[in-house]
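Undergrad:
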Amino acid sequence: MADERTFEALPPPHGRGFAQTWWGQAWMKALEDTALDLAQLKAGRRLARAGAVGAVSVRPGRITAVVKDPDGTPHRSDVLLQELGPDEWDRFLTMAIERAGHIAALLDRDMPPHLVEDSAAAGVELLPGIGDLEPSCDCEAWDHCGHTAALCYQVARLLDQDPFVLLLMRGRGERELLDELHERSVARAEAPEAGAGGEAEDSAPEGVSAAEAYADGAILPPLPALPSLPPEPGLPPALDTEEEPAQGLDVAALEFLAAQAAAEAYRLLAEALAPGHERHVVEPELTVSEDAVRLAAATPGPTIEARLAAVSERGRDGLALAVQAWRYGGRAALRVLEEEWTPREASLARARAALEAAWEEGERPRLRMARNRWTVVGADVQLRQGQDGRWWPYRKDRGRWTPAGPAAHDPATALATASGSE
Numbered sequence: 026m027a028d029e030r031t032f033e034a035l036p037p038p039h040g041r042g043f044a045q046t047w048w049g050q051a052w053m054k055a056l057e058d059t060a061l062d063l064a065q066l067k068a069g070r071r072l073a074r075a076g077a078v079g080a081v082s083v084r085p086g087r088i089t090a091v092v093k094d095p096d097g098t099p100h101r102s103d104v105l106l107q108e109l110g111p112d113e114w115d116r117f118l119t120m121a122i123e124r125a126g127h128i129a130a131l132l133d134r135d136m137p138p139h140l141v142e143d144s145a146a147a148g149v150e151l152l153p154g155i156g157d158l159e160p161s162c163d164c165e166a167w168d169h170c171g172h173t174a175a176l177c178y179q180v181a182r183l184l185d186q187d188p189f190v191l192l193l194m195r196g197r198g199e200r201e202l203l204d205e206l207h208e209r210s211v212a213r214a215e216a217p218e219a220g221a222g223g224e225a226e227d228s229a230p231e232g233v234s235a236a237e238a239y240a241d242g243a244i245l246p247p248l249p250a251l252p253s254l255p256p257e258p259g260l261p262p263a264l265d266t267e268e269e270p271a272q273g274l275d276v277a278a279l280e281f282l283a284a285q286a287a288a289e290a291y292r293l294l295a296e297a298l299a300p301g302h303e304r305h306v307v308e309p310e311l312t313v314s315e316d317a318v319r320l321a322a323a324t325p326g327p328t329i330e331a332r333l334a335a336v337s338e339r340g341r342d343g344l345a346l347a348v349q350a351w352r353y354g355g356r357a358a359l360r361v362l363e364e365e366w367t368p369r370e371a372s373l374a375r376a377r378a379a380l381e382a383a384w385e386e387g388e389r390p391r392l393r394m395a396r397n398r399w400t401v402v403g404a405d406v407q408l409r410q411g412q413d414g415r416w417w418p419y420r421k422d423r424g425r426w427t428p429a430g431p432a433a434h435d436p437a438t439a440l441a442t443a444s445g446s447e
């Protein structure tokens, strides 16, 4: 039997959605389509956001955690999921050997849709559907209670980080699964191909197929550890020499640019060494105007700031506003400052639902919507939605809408940030 895995209690999501990946969202959909009491789902979301879910134990067919009520009363909560049978695992492993790229994706902590589709075509349903998540809680609720719902919402976050958690619930741990794949891969590679008369064909080309190479790669020793991040950026060369600078050379500006280049290289290295970096989308290069804002955010001094304001074509006040946005969220925040666009109706409906759920009837602030900008009626507070779906708080300062904080995935959290800055 696959080993049990225990995950430490996750911190509250602080306004984030519980699942960012498509498979994590499919898990939540199975919960929400199954539950009959929407009030219990809301209670589960509140408990999960409050950090009431303890360490989560995952083993074949079951997830378990202690979930505390708001008054601190603990409840043992379990959610059961049907394990795959021997025949289903046999079909899954056969499919995986034939399409070894699926295993490579899983090792990258990704679950591409075609892996699930190919599994379904082989008669193996990996993701749960309606009624597949069976609750069991010592509060003795007959349906999904707030405790089992909270557990499911936290498990969606675990699935985001590692889809092997789902395979463990279905009956196979990561090590056991990879060992079985390796055995099948070796057996397949060693099996002779019968030629005419039943003998192995000598004319087969030597070498290893790409599929076998991918499969064998799943059990190779891990790569050496990455180098550690230096404690701080390197120091650029000193330009304070006895020689006079060349005509037209601004030494102070050059020293500032060298220091910023070192700081940016350090930031990029830190990101490259961070877990999950390989899944991040590569951003296009900054435009000249965006780069001027980035440099101005490093407080270069009045003379260089004036040059950056001219290069960015923003003027001093416009550059100061752009710098404030940049410090809250870089390029994404800068785009929200400058862009107006029309969100899709489905996105607006989700935002309205989130705002309605955050306040009691009669306490909810009234908002006036204009494209991606929602303004609180009677207050100098505004929400702006970015193209990535996040929400940014704004406040009016001396007649200008000014960034008031970092982005939140939940509009109610962003609104609370903007209101709190009054």
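Using the working numbering, the letters of the sequence shown map in sequence onto residues 26 to 447. We treat Cβ as the ideally placed atom computed from N, Cα and C, and that holds for glycine.
1) Take residue 200 as the anchor and find which of 373, 28 and 101 has the nearest alpha-carbon.
2) Could you please give the first and the last residue of the uninterrupted beta strand (DSSP E) stretch that includes residue 103?
3) Roughly how many angstroms lie between the CA atoms of residue 131 and residue 188, to the nearest whole one?
4) Please return the same chain residues whose Cβ sits closer than 6 Å to the Cβ of residue 283, not counting the five positions on each side in sequence.
5) Would you call the CB atoms of residue 443 and residue 420 closer than 8 Å?
6) Could you give the C-beta distance for residue 44 and residue 181, rounded to a whole number, given that I count them as a contact under 8 Å?
7) Identify whether residue 168 lies in helix, strand or coil by the three-state DSSP scheme.
8) Take residue 422 as the anchor and find which of 352, 345, 371 and 374 has the nearest alpha-carbon.
9) Am I right that residue 206 and residue 121 are in contact with their C-beta atoms under 8 Å? What's the rounded C-beta distance?
10) Can you tell me the Cα-Cα spacing of residue 186 and residue 315, whole angstroms?
11) Per DSSP, residue 419 is paired with what?
12) Are there 16 or more other CB atoms within 10 angstroms of the CB of residue 222, so buried, or fewer, so exposed?
13) With 16 as the cutoff for other CB atoms within 10 Å, does residue 372 come out buried or exposed?
14) Assuming residue 295 and residue 254 make a contact with CB atoms under 8 Å, what is their CB distance in whole Å?
15) Would you identify the three-state DSSP class for residue 128, choosing helix, strand or coil?
16) With contact counted as at least three CB pairs below 8 Å, one residue from each stretch, are the region 109–117 and the region 62–73 in contact?
17) Leaving out five residues on either side along the sequence, give the residues of the same chain with a beta carbon under 6 Å from the beta carbon of residue 399.
18) Starting from residue 192 and walking both ways along the beta strand (DSSP E), at which residues does that stretch end?
19) Could you say which of 354, 312 and 86 lies nearest to residue 336 if we only look at CA atoms?
20) Straight-line CA distance for residue 30 to residue 198?
TA: Put simply:
1) Nearest C-alpha to residue 200: 28.
2) 99–105
3) 7 Å
4) 261, listed in sequence order.
5) yes
6) Yes, they are in contact, since the Cβ atoms of residue 44 and residue 181 sit about 4 Å apart, within 8 Å.
7) coil
8) Closest option to residue 422, Cα to Cα, is 345.
9) 6 Å
10) 32 Å
11) 407 and 428
12) The pLDDT assigned to residue 222 is 46, lower than 50, so where the model puts this residue is not dependable, and the model offers no usable value.
13) The residue is exposed, with fewer than 16 neighbouring Cβ atoms inside 10 Å.
14) 6 Å
15) helix
16) no
17) Counting only Cβ-Cβ distances below 6 Å, and skipping sequence neighbours, we find 392 and 408.
18) Where residue 192 is concerned, there is no enclosing beta strand (DSSP E), although the alpha helix (DSSP H) it sits in stretches over 189–194.
19) 312
20) 9 Å
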